Every structure is written in C-alpha cells, then in structure tokens.
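J.: This is the structure I want to talk about, given as structure tokens.
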Amino acid sequence: MVYFVGAGPGATDLITVRGLKLLQEADIVVYAGSLVNPELLKETKKTCEIYNSAVMTLEEVIAVLKRSASEQKQIVRLHTGDPSIYGAVKEQMDELERIGVLYEVCPGVSSFCAAAAALQAEYTLPGVSQTVIITRMPGRTPVPEKEEMKALASHGATMVIFLSTGLLKELREELLQGYYTEETPCALVYKASWPEQKVIRTTLKFLPEAAEQNHITKTALVVVGDCLDTDYQLSKLYDASFSTEFRQASKKNG
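Take any residue in the sequence shown, note its place counting from 1, add 609, and you have its number in this note's numbering.
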C-alpha cells in the first residue's frame, strides 16, 4: 500500500495525526525534498528507507513504489502541504493504478491556510469576498487560457497565488487589468509556519519592490484582496437577531 501523505506547510507539528502515524509506521518514505521539512524524517523508524524525490524522475519514483509494494512494505509518499494542490500527484496515482498498486491519500494542511494564520486574516469576509481563488502565473507549466491571471482578477475575490514570486512585476500588471487597483492590499508570506517565516504587508503598487527589499525570491505565497484591510459586515452566524438550527433569535425590547 502506498499512502500519499500531506506533510503540512512546514512546521513539524502541522502534519495531521493520521499522517504522523503513517510516517512513523512506514518502511519506505519518498519525500519532496525541495519543500518538505526534513525534521519530519526524524519521526521515521531507524530501518526506514528514505528517498528524496527532488532528485528523481517520475519513472524513478514509481519504480521505488512498485518494488516496495511488491515486497509488502508500507510506503509513504510525503508531499508538501496538501497533495491536491500543485502536488503533481494525479500522474503518480494514475501510474499506480496502471500497474496495480493500491494507494490511499491522507490530506494535509496547505500553505494557503498557514499563510492566513500568519496574516491573522479571514479570506472570506462577509460583504467583502466570499470566494478564494488559488492560482499561479504561467512558467514552465502553462496555465489554461481561460484561467489567465487578468481574467481571474476581474472577479475581485481574495486571491492566493502560488509559485509566482519570481514574476511579481508581470503579476502586478495582470492583476491591475482586473478589479484591483494600485491601492489594493496584498501580502507576501515567505515559508509560512517555518521558523524563518516572514510576513510582508504592502499594496499592489509596491509588491515587487517589497519582495526585493526583503530578499524574497521564492517559496512565498502572494495574497491579494480587500480582506486584508477593509471594513466588513458581521456574520449572521452569531447575530442575536438571526435564528439558526441551534438557536432562536432573541426578541428586542420595545
């Protein structure tokens, strides 16, 4: 059995309880060495075989998984954050299905959640934004034409942008062709939840300069939207005049 496990955003105590248990029981671990915190590997058994997928091809990864599965070993494929977001996980699962190897997925805490925690922000503020768009700028991996940044920016939703720290000038220009203005609040969150985490708050106008001044060139998320600095409506969830399945609205005197 192969277990695809989300390692969380970086802090070792942000892996899930289930994920940690699988890691501790694993005979084989193939981990994303470019982003997964190596401190997590200290949780493995002394006899565990560990492979760094950052220096491996897809074919090499699958070969390790196939061999280990044929030997009836428990295998953890350790991905950063949650495997479902920019994890290149589908191609691995499809290949395992093709060769008849069973697998399961253990979800993890994505870095976009850790970034919100670092910012002490709520992405979905009533009256401001009820939508979060997770996307990226095109690089070696292209973005479908229907998902061009300027098109997504037209919605004015909260945006969390991955894998784009090296393209901030281009990103700014794309965003300015949508709903946002130079005054739109935004933030850079470098290595969210890691000990070396940095949080840089700025506006869209100064986004590239803020990254340059703080020597941020990679491993950072860009958060854009009015949720970072604006007035908002209070939620109806706790409104005394609003009835729910669990609470009746209170009657006002007079």
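Every residue gets a Cβ at the ideal spot worked out from N, C-alpha and C, and that includes glycine. Being a predicted model, the structure only gives us computed values, none of them experimental.
Throw me the rounded Cβ distance for the Val808 and Leu728 pair, which I believe falls under 8 Å.
T.: Between Leu728 and Val808 the Cβ distance is about 6 Å, and since that is below 8 Å, they are a contact.
J.: Report, in whole angstroms, the separation of the C-beta atoms of Leu632 and Glu652, which I expect to be a contact under 8 Å.
T.: Between Glu652 and Leu632 the Cβ distance is about 5 Å, and since that is below 8 Å, they are a contact.
J.: With a threshold of 16 other CB atoms inside 10 Å of the CB of Thr826, please say whether the residue is buried or exposed.
T.: Exposed: under 16 other Cβ atoms inside 10 Å.
J.: Below 8 Å, can you find three or more Cβ-Cβ pairs linking the stretch 775-785 to the stretch 741-748?
T.: Yes, the stretch 775-785 is in contact with the stretch 741-748.
J.: Considering only C-alpha positions, which residue in the set Lys800, Lys845 and Glu668 is nearest to His824?
T.: With distances taken between Cα atoms, His824 lies closest to Lys800.
J.: Starting from Arg749, trace the alpha helix (DSSP H) in both directions and tell me its first and last residue.
T.: Taken as a continuous stretch (DSSP letters only), Arg749 belongs to no alpha helix (DSSP H), as it is neither H nor E.
J.: At a cut of 8 Å, does the stretch 761-768 reach the stretch 833-846 through at least three beta carbon pairs?
T.: Enough Cβ pairs lie closer than 8 Å, so yes.
J.: To the nearest angstrom, report how far apart Glu757 and Phe613 are at their CA atoms.
T.: Rounded to the nearest angstrom, the two C-alpha atoms are 30 Å apart.
J.: Keeping to the same chain, check which residues put their C-beta closer than 7 Å to that of Val698; ignore five residues upstream and five downstream.
T.: Around Val698: Phe613, His688 and Pro692.
J.: Glu634 and Lys655: beta carbons closer than 9 Å?
T.: No, the Cβ-Cβ distance between Glu634 and Lys655 is not below 9 Å.
J.: In its own chain, which residues sit with a C-beta less than 6 Å from the C-beta of Asn862, not counting the 5 before and 5 after it?
T.: Only weak support is given to the placement of Asn862: the predicted model assigns it a pLDDT of 47, under 50, and the value that follows is read from those uncertain coordinates. Around Asn862: no qualifying Cβ.
J.: Which residue from Thr666, Thr750, Leu674 and Gly696 puts its Cα closest to that of Gly709?
T.: Cα-wise, what sits closest to Gly709 is Leu674.
J.: Taking buried to mean at least 16 other C-beta atoms within 10 Å of its own C-beta, is Ser852 buried or exposed?
T.: Looking at its Cβ environment, which holds fewer than 16 other Cβ atoms inside 10 Å, Ser852 is exposed.
J.: Secondary structure at Phe815, three-state DSSP: helix, strand or coil?
T.: Of the three classes helix, strand and coil, the one that applies to Phe815 here is helix, per DSSP.
J.: Could you have a look at Tyr847 and say whether DSSP puts it in helix, strand or coil?
T.: Three-state DSSP puts Tyr847 in a helix.
J.: Assuming the contact rule is C-beta atoms closer than 8 Å, Ile742 and Leu761 should be a hit. Round their C-beta distance to whole Å, please.
T.: Confirmed, Cβ separation roughly 5 Å.
J.: Do the CB positions of Gly642 and Val670 come within less than 9 Å of each other?
T.: Going by C-beta atoms, Gly642 is not nearer than 9 Å to Val670.
J.: Please identify the residue among Leu813, Leu629 and Arg810 whose C-alpha is closest to the C-alpha of Pro716.
T.: If we check each option's Cα against that of Pro716, Leu629 comes out closest.
J.: Excluding the 5 residues preceding and the 5 following Leu797 in the sequence, name in chain order all residues of the same chain whose CB lies nearer than 7 Å to its CB.
T.: Taken in chain order, the residues that qualify are Ile809, Ala819, Ala820, Ile825, Ala829 and Val831.
J.: Do Gly619 and Gln806 count as a contact pair if the criterion is CB distance below 9 Å?
T.: In this structure, Gly619 lies closer than 9 Å to Gln806 by Cβ.
J.: Could you check what DSSP says for Glu778 in three-state terms: helix, strand or coil?
T.: Reading off the sequence, residue 778 comes out as Lys, not Glu. Helix, per DSSP.
J.: Report all residues from its chain with a CB closer than 6 Å to the CB of Lys778; omit the five preceding and five following residues, and keep chain order.
T.: These residues qualify, in order along the chain: Pro817.
J.: From which residue to which residue does the beta strand (DSSP E) around Phe771 run?
T.: Here the beta strand (DSSP E) through Phe771 covers Thr767 to Phe771.
J.: What residue range is occupied by the uninterrupted beta strand (DSSP E) comprising Ile659?
T.: Per DSSP, Ile659 belongs to the beta strand (DSSP E) from Glu658 to Asn661.
J.: Jot down the residue ranges of each uninterrupted alpha helix (DSSP H) in the stretch 612-661, minimum 4 residues, whole runs only, in chain order.
T.: Listed in chain order, they are 626-634.
J.: Would you mind working out which of Thr621, Thr666 and Ile637 sits nearest Cys657, comparing C-alpha positions?
T.: Looking at the Cα atoms, Ile637 is the closest of the given residues.
J.: Considering Cys715, what are the terminal residues of the beta strand (DSSP E) in which it resides?
T.: Looking at the DSSP string, the run of the beta strand (DSSP E) that includes Cys715 is Tyr712 to Cys715.
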